[in-house]
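Chemist: Under numbering that gives the first Met the number 0, residues 0 to 108 are what the sequence shown spells out, in order. Where a beta carbon is used, it is the ideal one built from N, C-alpha and C, also for glycine. One structure coming up, written as structure tokens, with questions to follow.
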Amino acid sequence: MKASPLAQVKDQFGSKADLVKAVQDLANDDLFLDRVNEDKGLERVSNKKLLHLHAVLTEVKEMGGRDKLIGEICDVENRKDEGYKERLGRWPTPRLLDWYKAAKRRATA
Numbered sequence: 000m001k002a003s004p005l006a007q008v009k010d011q012f013g014s015k016a017d018l019v020k021a022v023q024d025l026a027n028d029d030l031f032l033d034r035v036n037e038d039k040g041l042e043r044v045s046n047k048k049l050l051h052l053h054a055v056l057t058e059v060k061e062m063g064g065r066d067k068l069i070g071e072i073c074d075v076e077n078r079k080d081e082g083y084k085e086r087l088g089r090w091p092t093p094r095l096l097d098w099y100k101a102a103k104r105r106a107t108a
């Protein structure tokens, strides 16, 4: 049985504050479009969402960043137009990663 999000946070990071700090460290301009509510911040986001965001940002960082991910999507879909790249650039990082994985599956099928 999978552990609860709180148990996962305690196992991997020790506390929610440490998880928030880890996400904030990853969330630079190269990986993350900042759409966080300034009044609330990441401290009020649920543990499950923070764990997912940390996993996504880590995977995108290993790929080389958002720009590299957008380039990979265009390569997989055989799209070279700049308008498409610009449109993808406005998407949030988790959506880009999901789109890349789906496009890669479609290309191999």
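Decide if the stretch 90-97 is in contact with the stretch 56-76; the criterion is three or more beta carbon pairs, one per stretch, under 8 Å apart.
Modeler: At 8 Å Cβ cutoff, the stretches touch.
Chemist: Kindly indicate which three-state DSSP category Arg43 falls into: helix, strand or coil?
Modeler: Here the question's residue 43 lines up with position 44 in the sequence shown. Helix, per DSSP.
Chemist: Would a C-beta distance cut-off of 9 Å place Val75 and Leu49 closer than the cut-off?
Modeler: The count along the sequence shown starts at 1 and reaches residue 75 at position 76. The count along the sequence shown starts at 1 and reaches residue 49 at position 50. No, Cβ-Cβ distance for Val75 and Leu49 is not below 9 Å.
Chemist: Could you give the residue range of the alpha helix (DSSP H) that holds Trp98?
Modeler: Working through the sequence shown from its first residue, we reach residue 98 at position 99. That run of the alpha helix (DSSP H) goes 92-107.
Chemist: With distances taken between CB atoms, is the gap from Cys73 to Lys84 smaller than 9 Å?
Modeler: For the purposes of this step, residue 73 is taken as the residue at position 74 of the sequence shown. For the purposes of this step, residue 84 is taken as the residue at position 85 of the sequence shown. Result yes, Cβ atoms of Cys73 and Lys84 sit closer than 9 Å.
Chemist: Helix, strand or coil: how does DSSP classify Glu58 here?
Modeler: The sequence position of residue 58 within the sequence shown is 59, counting from 1. Glu58: helix per DSSP, three-state reduction.
Chemist: Can you have a look at Leu96 and say buried or exposed, based on whether 16 or more other CB atoms are within 10 angstroms of its CB?
Modeler: The residue you call residue 96 lines up with position 97 of the sequence shown. Per the 10 Å Cβ criterion, buried.
Chemist: Exposed or buried, what is Leu52 when buried is set at 16 or more other beta-carbons lying within 10 Å of its beta-carbon?
Modeler: Numbered from its first residue, the sequence shown carries residue 52 at position 53. The residue is buried, with at least 16 neighbouring Cβ atoms inside 10 Å.
Chemist: Classify Leu18 as buried or exposed, calling it buried when 16 or more other Cβ atoms lie within 10 Å of its own Cβ.
Modeler: Mapped onto the sequence shown, residue 18 falls at position 19. Buried: at least 16 other Cβ atoms inside 10 Å.
Chemist: Can you give the Cα-Cα distance for Ser14 and Ser3, rounded to whole angstroms?
Modeler: Position 15 of the sequence shown, counted from the start, is the residue given in the question as residue 14. Position 4 of the sequence shown, counted from the start, is the residue given in the question as residue 3. Using only the alpha carbons, I get a separation of about 14 Å.
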